[in-house]
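Under the numbering used here, the letters of the sequence shown match residues 868 to 966, in that order.
Each remark here refers to the structure printed beneath this line.
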Amino acid sequence: MSERIQIEVVYALPMQQTTLTVKVNPGITVEEAIRESGILARHPDIDLATNKVGLFGRTVALSTRIERSTRIEIYRPLLADPKEIRRQRAEKAKLQSLK
C-alpha cells in the first residue's frame, strides 16, 4: 500500500477561513478528500453540487485524482458578476464626468 500524503482542504468565508490538514491515500478523488477532511460537518453551507473546487487556484472536477501533496480549495458562489460590476462603475464614472 502506498504511503499516505498530506493535503490541505480550505474554505474561506468573508470573516473566517478554515484550513484542515489531513492525510489521505494517493489516488483519492478531490471529492473523497473533501468528505474525509470533515470540512462538510464544520460548514454545512458547502454544497458540492454547486460549489466549485480547485487545486492551488485552478478549478478542477470533483473526480480529479490527487497523487501528491496539494491544497484543495472550496469556492463560494460569486454574489455579483465582476463584469457587471465593472460595467456599472464605468457607467457611473461616465455620468459623473458629464456633470
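Ideal Cβ placement from N, Cα and C applies to all residues, glycine included.
Remember, predicted model here, so these are calculated numbers, not experimental data.
V927 at chain C interface by Cβ criterion, 8 Å: Among the chains in the structure shown there is no chain C, since it carries only a single protein chain.
Outcome for I952 when other beta-carbon atoms lying within 10 angstroms are tallied against a minimum of 16: Against the sequence shown, residue 952 aligns to sequence position 85. Counting Cβ neighbours within 10 Å, I952 comes out exposed, since fewer than 16 surround it.
Sufficient close CB pairs (3 or more, under 8 Å) joining the segment 897–904 to the segment 914–921: Touching, yes.
C-alpha gap between D912 and R954, whole angstroms: Walking along the sequence shown from the start, residue 912 turns up at place 45. Walking along the sequence shown from the start, residue 954 turns up at place 87. C-alpha separation (whole angstroms): 30 Å.
Buried/exposed call for T937, threshold 16 Cβ in 10 Å: Position 70 of the sequence shown, counted from the first residue, corresponds to residue 937. With 16 or more other Cβ atoms within 10 Å, it is buried.
I874 vs I939 beta-carbon contact at 8 Å: By one-based count along the sequence shown, residue 874 stands at place 7. By one-based count along the sequence shown, residue 939 stands at place 72. A contact, by the Cβ cut-off of 8 Å.
Assigned secondary structure, L922 (DSSP; H/G/I helix, E/B strand, else coil): In the sequence shown, residue 922 corresponds to position 55, counting from 1. The three-state reading of DSSP puts L922 in strand, counting E and B together.
I933 (DSSP reduced to helix, strand or coil): In the sequence shown, counting from the first residue as 1, residue 933 sits at position 66. DSSP places I933 within a strand segment (E or B) once states are collapsed to three.
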